[in-house]
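What follows is a set of notes on a single structure, which appears directly below.
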Amino acid sequence: MKKKLITAVLAVTMAVGMLTGCGSGTGTGKKEASGEKLVIWTNMNVEVDTIQKYADEWGEKNGRKVEVIHQSPSVQQFAQAVKSASGPDAVVGIPNDQLADYVNADLTAEVPQDLYADKDFSDAAIQACYVDGKRYAAPLSVETTALFYNTDLVSEVPKTWEELVDQAATDGGVQFDATSIYYDLGFVRACGGYIFKYQDGAYDTADIGLDNEGSVEAYAFINDLCNKYKLITADVTADIARSNFQNGKCAYYIGGPWDIDGFTSAGTKFAVAKMPTFHGQPFVTPVGTQVSFVSNSSKNQDAAWDFISYLMENGALGMYEAGDRIPAKLADQKLDEIQSNAYTQAFVEQINDGEPMPTVSEMGQLWSIHTNNIRSMWSGEQTPEEAAKNMVTQLKEAIELMNSGK
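Read left to right, the sequence shown gives residues -20 to -1, 1 to 386 (mature numbering (1 follows the signal peptide of the UniProt record, and there is no 0)).
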């Protein structure tokens, strides 16, 4: 993949007066001034105080001051901020689907080879840390979707999607945003389709598998959810589906750990299960990974990586208790506090069948294209085969336009 011109990113001017501290380190052979402040940005809001607690522990051991700042940065904002002496040395806890944009803008340092072993973490979390075959981030926590069911309406969860729709059609229904590739990925992958071909740690964005025979079969089933089983309509958004399940209006709902508090507070009678199989294959759900990376402009790279390593090694339980963050590290998923939670265990099981959405900037072009073509299919304007082929044609055109300025 060609890299974006960093000059295009740096042309955007944004205010960064809220930043404090300055960095200096040895990550790329630069002289490190020990004792200077380390500045960490985090996209995690609820967990800021927890991350600061671990930062203080690490700082005391290493003679450093660390300031953790809640910030939901854009690439442009980060690019401008790192030019400042008070700019961030690292970002802790950012969704992995944003990582490629930072890498393409040449803002990230490669992960030191000995920082962590890939085998110690969920496969999906590791895959999320690679861009173009190189490792640019460290995995912190993982999340995915699973099947929620109303325990007043469902006595036993079907083992397959084929069985589930037959049951749901007469016994309470199933709702989710079936226009979104985020929720449809499992159907596509079970039939042999894919978004971008993934091999050897890199995605080939020229190889799109959304119109192969398997994907067409998957889209035919999604079409049946609407037009045969009458379970899904175009106006059912994720929010509407969540509300209907919360209020007992449907038996099944596809959601994530972020839904649990709301359902519990509302008194909804529910449990969570691993997704049923489809087409005889495990249902692949998208795994989101909160990752951490270090600025390649930081003079503090060694210290920043060392803190990230400390947080990965010591912060799993604290992050879980603060924000229900499921650890990406396999050993931490076996902690008693995590294993004893039935909801969390269902998500952990599902994560093992999951994979990340492609960690490439081109992925951003697919969302609306997919949604529009699914709606067109449901309305009868396109067959599943036509919708799949049109989807790929439009995605290729969008990618070509996106890359035309590189």
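Ideal Cβ placement from N, Cα and C applies to all residues, glycine included.
Nearest by alpha-carbon distance to residue i: which of the options is it?
i, options, result
"Asn76", "Phe58, Gln56, Val111 and His50", "Val111"
"Ala253", "Asn321, Asn207 and Ile31", "Asn321"
"Ser160", "Leu346, Asn370, Tyr96 and Ser359", "Leu346"
"Gly268", "Gly67, Thr248 and Pro237", "Pro237"
"Gly194", "Tyr34, Pro364, Ile379 and Pro338", "Pro364"
"Lys177", "Ala118, Ser384, Val340 and Glu366", "Val340"
"Ala218", "Asp164, Tyr174 and Asp333", "Asp164"
"Gly168", "Ile188, Glu335, Glu197 and Ala246", "Inspection of the sequence shows that residue 168 is occupied by Val rather than by Gly. Cα-wise, what sits closest to Val168 is Glu197."
"Val62", "Asp333, Arg222, Tyr82 and Val328", "Tyr82"
"Gln226", "Ala246, Val26, Tyr209 and Ala367", "Ala246"
"Ile188", "Gly181, Ile175, Ser66 and Gly295", "Ile175"
"Ala65", "Ala308, Ser277, Asn353 and Tyr34", "Ser277"
"Leu89", "Asn353, Val274 and Asn383", "According to the sequence as given, residue 89 is Ala; it is not Leu. The candidate whose alpha carbon is nearest that of Ala89 is Val274."
"Asp191", "Asn353, Glu361 and Ile379", "Asn353"
"Ala59", "Ala85, Lys45, Phe287 and Asp36", "Ala85"
"Lys309", "Gly173, Asp204 and Gln270", "Gln270"
"Gln51", "Thr22, Thr244, Val134 and Ala70", "Thr22"
"Glu293", "Asp312, Lys208 and Glu301", "Asp312"
"Val216", "Gln362, Thr351 and Glu380", "Thr351"
"Phe128", "Phe327, Met382 and Ser384", "Phe327"
"Gly360", "Gln57, Glu143 and Ala214", "Ala214"
"Gln325", "Glu377, Met382, Ala251 and Tyr162", "Ala251"
Report, in whole angstroms, the separation of the C-beta atoms of residue i and residue j, which I expect to be a contact under 8 Å.
i, j, result
"Leu291", "Leu315", "Not a contact, Cβ separation roughly 16 Å."
"Asn130", "Lys249", "6 Å"
"Pro285", "Pro92", "Here residue 285 is Trp; the residue named in the question, Pro, does not match the sequence. About 6 Å separates the two Cβ atoms, so the contact holds."
"Val72", "Ile31", "6 Å"
"Phe263", "Gly344", "So it is not a contact: roughly 24 Å between Cβ atoms."
"Glu40", "Met299", "The pair is not a contact, with the Cβ atoms about 20 Å apart (cut-off 8 Å)."
"Tyr209", "Val145", "5 Å"
Taking the C-alpha atoms as reference points, what is the distance between residue i and residue j?
i, j, result
"Ala126", "Ser272", "25 Å"
"Lys229", "Ala80", "40 Å"
"Asp132", "Gly303", "28 Å"
"Asn42", "Pro138", "53 Å"
"Asp29", "Thr265", "31 Å"
"Val55", "Met24", "17 Å"
"Ala149", "Arg355", "21 Å"
"Thr8", "Glu342", "In this prediction, Thr8 has a pLDDT of 39, which is less than 50 and means its spatial position is unreliable; what the coordinates show is noted afterwards. Rounded to the nearest angstrom, the two C-alpha atoms are 29 Å apart."
"Tyr232", "Trp38", "44 Å"
"Asn370", "Lys279", "48 Å"
"Ala200", "Asp103", "30 Å"
"Arg222", "Gly235", "8 Å"
"Val372", "Ala283", "44 Å"
"Pro256", "Cys206", "19 Å"
"residue 395", "Asn332", "The shown model of the chain, from -20 to 386, leaves out residue 395, and the question about it has no answer."
"Lys33", "Asp69", "18 Å"
"Thr185", "Val46", "39 Å"
"Gly173", "Thr244", "36 Å"
"Asp100", "Glu366", "43 Å"
"Glu377", "Glu143", "38 Å"
"Leu87", "Gln57", "11 Å"
"Leu381", "Ala35", "43 Å"
"Gln362", "Glu301", "48 Å"
"Gln179", "Phe287", "31 Å"
"Gln78", "Arg44", "29 Å"
"Asp204", "Tyr162", "18 Å"
Given a cut-off of 7 Å, decide if residue j and residue i are closer than it, judged by their beta-carbon atoms.
i, j, result
"Ile202", "Ala158", "yes"
"Gln374", "Ile349", "yes"
"Ile74", "Val48", "no"
"Leu211", "Gly152", "no"
"Trp358", "Phe258", "no"
"Ala117", "Cys109", "yes"
"Leu95", "Ser289", "yes"
"Val122", "Ile318", "no"
"Gly113", "Gly181", "yes"
"Pro336", "Tyr183", "no"
"Gln261", "Ala368", "no"
"Thr124", "Gly334", "yes"
"Asn224", "Gln155", "yes"
"Tyr323", "Ile240", "yes"
Is there at least one Cβ from chain D nearer than 7 Å to residue i's Cβ?
i, result
"Lys229", "Protein chain content of the structure displayed is limited to a single chain, and chain D is not contained in it."
Would you check whether the ligand COA has a heavy atom nearer than 6 Å to the C-beta of residue i?
i, result
"Leu291", "Among the components modelled here there is no ligand, and therefore nothing to report on the ligand COA."
Identify every run of the beta strand (DSSP E) within the stretch 188 to 245, keeping only runs that are complete inside it and at least 3 residues long; order them along the chain. Counting whole runs of 3 or more residues, the stretch 188 to 245 contains the beta strand (DSSP E) stretches 232 to 235.
Whole alpha helix (DSSP H) elements within the stretch 275 to 349, 4-residue minimum: 281 to 294, 296 to 303, 316 to 319 and 322 to 331
Complete beta strand (DSSP E) runs within the stretch 96 to 163 (minimum length 3 residues, chain order): Unbroken beta strand (DSSP E) stretches of 3 residues or longer found wholly inside the stretch 96 to 163: 118 to 123 and 126 to 130, given in chain order.
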